[in-house]
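Notes follow the structure.
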Amino acid sequence: DAGVTQSPTHLIKTRGQQVTLRCSPKSGHDTVSWYQQALGQGPQFIFQYYEEEERQRGNFPDRFSGHQFPNYSSELNVNALLLGDSALYLCASSLDPASTDTQYFGPGTRLTVL
Amino acid sequence: DQQVKQNSPSLSVQEGRISILNCDYTNSMFDYFLWYKKYPAEGPTFLISISSIKDKNEDGRFTVFLNKSAKHLSLHIVPSQPGDSAVYFCAVPDSGSSNTGKLIFGQGTTLQVKP
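Listed in order, the protein sequences are those of chains A and B.
Residues 1069 to 1182, numbered by our numbering, are exactly what the first sequence covers, in order.
Residues 13 to 127, numbered by our numbering, are exactly what the second sequence covers, in order.
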């Protein structure tokens, strides 16, 4: 049973560019949440997708957008990259939007903005 | 304004001894708390949780204690093992109860267990 997978593992971009990160949820899970973990900090909630719609959003600018596909996989898009967007981006999946202790996290995508 | 704080960035203990990781929160409406463990190159994994109707929850070597009046929780690992070396996060559901998937995390504490 495959867990949560994310691609790519690492990514280097320059300021002003756009990036797309991908997440495949654990088998049977229909809800995907995205978190940003800056160096030395805990993960910060970006947004959650359920039934192909954004259900909840954290305190992130509109440069951060997402999408969920019919197969429940998800993408995180970040436009006009800033140096401060350098972080580990984590995807978490669950059986329903209200789940907390049954969220499963992927290994993350390490984004470096130069 | 940080609602969940882990004031110790790191902790080092000897194998077999007790590890105590601490977490403070600011919102007295929070009533459900979780601990996650994270190894390098892996995502956080759920470890243990506690509801505010309890002051203690135990799962094998891991025990979480909740002091609601002090807005403080702690994770005890007894006995500590080298495989416990990881970053530990405390987390709270944003709404304060368990019925939301949006988690607020502390900054994390890096635990090193020396053989």
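Beta carbons are placed, not taken as given, at the ideal position from N, Cα and C, and that holds for glycine.
Partner residues on chain B for residue i, Cβ-Cβ distance less than 8 Å
i, result
"Thr1099/A", "Gly113"
"Ala1070/A", "The premise fails here: Ala1070/A is roughly 13 Å from chain B at the closest Cβ pair, so nothing lies under 8 Å."
Beta-carbon contacts of residue i that lie in its chain and below 7 Å, excluding the five residues immediately before and after
i, result
"Gln1136/A", "Val1100, Tyr1117, Glu1120, Ser1142"
"Phe58/B", "Leu46, Tyr48"
Helix, strand or coil at residue i according to DSSP, with G and I counted as helix
i, result
"Asp36/B", "strand"
"Asp1153/A", "helix"
"Asp43/B", "coil"
"Asp71/B", "strand"
"Gly95/B", "helix"
"Ile89/B", "strand"
"Trp51/B", "Note that residue 51/B is Tyr in the sequence shown here, rather than Trp. In the structure shown, Tyr51/B sits in coil (DSSP, three-state: anything other than H, G, I, E or B)."
"Trp1084/A", "In the sequence as presented, Trp is not what sits at residue 1084/A; that position holds Gly. Residue state, collapsed to three classes: coil."
"Gly1134/A", "strand"
"Glu1119/A", "coil"
"Val76/B", "strand"
"Leu115/B", "strand"
"Leu1158/A", "strand"
Sequence-distant residues of the same chain with beta carbon closer than 6 Å to residue i, five excluded per side
i, result
"Ser1092/A", "Thr1073, Ser1141"
"Ser61/B", "Leu46"
"Asp1098/A", "Tyr1140"
"Gly72/B", "none"
"Thr122/B", "Ser22, Val99"
"Ala1160/A", "Ser1101, Gln1171, Phe1173"
Straight-line gap, residue i to residue j (C-alpha atoms, nearest Å)
i, j, result
"Ser63/B", "Asn1127/A", "26 Å"
"Val25/B", "Asp96/B", "11 Å"
"Ser81/B", "Asn34/B", "15 Å"
"Leu115/B", "Gln1124/A", "11 Å"
"Arg1131/A", "Asn1147/A", "5 Å"
"Lys50/B", "Ser31/B", "16 Å"
"Gln119/B", "Glu1122/A", "26 Å"
"Gly55/B", "Gln1104/A", "12 Å"
Chain A residues whose Cβ lies nearer than 7 Å to that of residue i
i, result
"Glu54/B", "Pro1175"
"Phe101/B", "Gly1110"
Beta-carbon proximity of residue i to residue j, cut-off 9 Å
i, j, result
"Val1181/A", "Arg1083/A", "yes"
"Pro1076/A", "Ala53/B", "no"
"Phe77/B", "Leu85/B", "yes"
"Gly65/B", "Asp43/B", "The question names Gly, but residue 65/B is Ile in the sequence shown. Their beta carbons are under 9 Å apart, which means Ile65/B touches Asp43/B by this criterion."
Within chain B, the residues that residue i reaches when beta carbons sit closer than 7 Å
i, result
"Gln1109/A", "Gln119"
"Ser1092/A", "The contacting residues do not exist; Ser1092/A stays about 13 Å from chain B at best."
Contact set between residue i and chain A, taken where Cβ atoms lie within less than 9 Å
i, result
"Thr57/B", "Tyr1172, Phe1173"
Close beta carbons around residue i, own chain, < 8 Å, minus the five adjacent residues each side
i, result
"Asp106/B", "Thr112, Lys114, Leu115, Ile116"
"Pro1165/A", "Thr1099, Gln1116, Tyr1118, Arg1123, Gln1124"
Beta-carbon neighbours of residue i, restricted to chain B and to distances below 9 Å
i, result
"Leu1158/A", "Gly55, Pro56"
"Ser1095/A", "Within 9 Å Cβ-Cβ: nothing; Ser1095/A doesn't reach chain B, min ~16 Å."
Short CB-CB distance (under 9 Å) between residue i and chain D
i, result
"Gln124/B", "In summary, chain D is missing from the structure at hand, where the protein chains are A and B."
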